[in-house]
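The block underneath contains the structure these notes are about, expressed in structure tokens.
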């Protein structure tokens, strides 16, 4: 089992922006008790979805070679609830990226309505051991394929985003 | 070129946003770690905000020269030696290190940086 809080990417422009969607379903077990009779997508998991959207954008910029962790959320606002049947559209904009980390602005929308917004800071960690596989026994290439990153991803010049060579054998 | 007051106001705004402190807590004498509660990850946040606010580029290690603080040529028994202090002063002409020099324990270095040091650094870049 993996910690997926987005269903798939619908757009990604390398180093600039990404959009992903998450459809909330009543079959998700965590909604059964949160809250009884008022199923509500936990805000913490919505933040995680926004962070995964932005985190993949950060990670893709460095060809998925850096270990990117969510380091800080300086600003987080929720405007309304997410409930079963809603499709959350997460948008991330990369504001800055450098050797040690990155900063992104993210939003969550339900249709045209803004549902949440966050500033997220990512850190690149453990650079000395970054060459070791992060997903032991798992296929990271398959994860990226499931999320359709290379299907929808583009370079800033509009050309198709290619899967990095070190992941090719696994996709 | 922005005035000293304009630099201070923008630095203050960056610190308020990055550290979640109140406006009036950010005084020139306030230390980032000791008074404003900055943690290591906050420094990356502060750097990004200053870069955006002033449209400047802050190279890694320029504002916080961690390479000196982790260099065994300069650090002996957890303290910066004389060569290290000379190097720090050369690299950080914007910072008042007089207090730190009295007891140059590496772990205390970050606690000695003040809001004024930050303003001085930015003024040297804009």
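Protein chains in written order, with the working numbering: chain A, 495 to 665; chain E, 3 to 128. Glycine included, C-beta positions come from ideal geometry on N, C-alpha and C. As the structure is a prediction and not an experimental result, all values here were calculated from the model.
Below 8 Å between beta carbons: does that hold for residue i and residue j?
i, j, result
"residue 77/E", "residue 71/E", "yes"
"residue 509/A", "residue 564/A", "no"
"residue 503/A", "residue 642/A", "yes"
"residue 552/A", "residue 596/A", "yes"
"residue 601/A", "residue 591/A", "no"
"residue 29/E", "residue 113/E", "no"
"residue 546/A", "residue 518/A", "no"
"residue 570/A", "residue 612/A", "yes"
"residue 52/E", "residue 16/E", "yes"
"residue 534/A", "residue 577/A", "yes"
"residue 49/E", "residue 60/E", "yes"
"residue 103/E", "residue 87/E", "yes"
"residue 124/E", "residue 56/E", "yes"
"residue 549/A", "residue 616/A", "yes"
"residue 526/A", "residue 536/A", "no"
"residue 81/E", "residue 108/E", "yes"
"residue 593/A", "residue 62/E", "yes"
"residue 540/A", "residue 610/A", "yes"
"residue 544/A", "residue 586/A", "yes"
"residue 20/E", "residue 37/E", "no"
"residue 658/A", "residue 507/A", "no"
"residue 516/A", "residue 584/A", "yes"
At a CB-CB cut-off below 8 Å, which residues of chain E make contact with residue i?
i, result
"residue 594/A", "46 and 62"
"residue 617/A", "43 and 46"
What are the start and end residues of the beta strand (DSSP E) that includes residue i?
i, result
"residue 563/A", "561-572"
For residue i and chain A, any beta-carbon pair shorter than 8 Å?
i, result
"residue 54/E", "yes"
"residue 69/E", "no"
"residue 58/E", "no"
"residue 90/E", "no"
Would you say residue i reaches chain E, if we count a Cβ-Cβ gap shorter than 8 Å as a contact?
i, result
"residue 597/A", "yes"
"residue 631/A", "Residue placement at residue 631/A cannot be trusted, given a pLDDT of 45 that sits under 50; what the coordinates show is reported in the next sentence. Not one chain E Cβ lies under 8 Å of residue 631/A."
"residue 664/A", "Residue placement at residue 664/A is poorly supported in this model, since its pLDDT is 49, which falls under 50; the coordinates are not used for a value here."
"residue 562/A", "no"
Given that residue i touches chain A, what residues does it touch there, using C-beta distances under 8 Å?
i, result
"residue 2/E", "Because residue 2/E is not part of the residues shown, which for chain E are 3 to 128, the question remains open."
Counting only Cβ pairs nearer than 9 Å, list the residues of chain A close to residue i.
i, result
"residue 50/E", "589, 590, 592, 595, 596, 597 and 615"
Taking C-beta pairs closer than 7 Å, name the residues in chain E that residue i reaches, listed in chain order.
i, result
"residue 674/A", "In the structure as shown, chain A starts at 495 and stops at 665, and residue 674/A therefore has no counterpart that could be examined."
Can you tell me where the alpha helix (DSSP H) with residue i in it begins and where it stops?
i, result
"residue 644/A", "643-646"
"residue 109/E", "108-114"
"residue 9/E", "6-21"
"residue 102/E", "100-104"
"residue 640/A", "634-640"
"residue 94/E", "Neither: residue 94/E is in no alpha helix (DSSP H) and is coded neither H nor E."
"residue 125/E", "117-127"
"residue 659/A", "659-662"
Alpha helix (DSSP H) runs contained entirely in the region 580-625 of chain A, provided each spans 4 or more residues
Taking 4 residues as the minimum length, the region 580-625 of chain A contains no alpha helix (DSSP H) run wholly inside it.
Restricting to runs no shorter than 4 residues, where is the alpha helix (DSSP H) found entirely within the region 37-63 of chain E?
The qualifying runs are 42-56.
Fully enclosed by the region 498-543 of chain A, which beta strand (DSSP E) runs are 3 residues long or longer?
Counting only runs of 3 or more, we get 502-507 and 511-517.
Inside the region 63-92 of chain E only - alpha helix (DSSP H) runs reaching at least 4 residues:
Taken in chain order, the whole alpha helix (DSSP H) runs of length 4 or more contained in the region 63-92 of chain E are 68-71.
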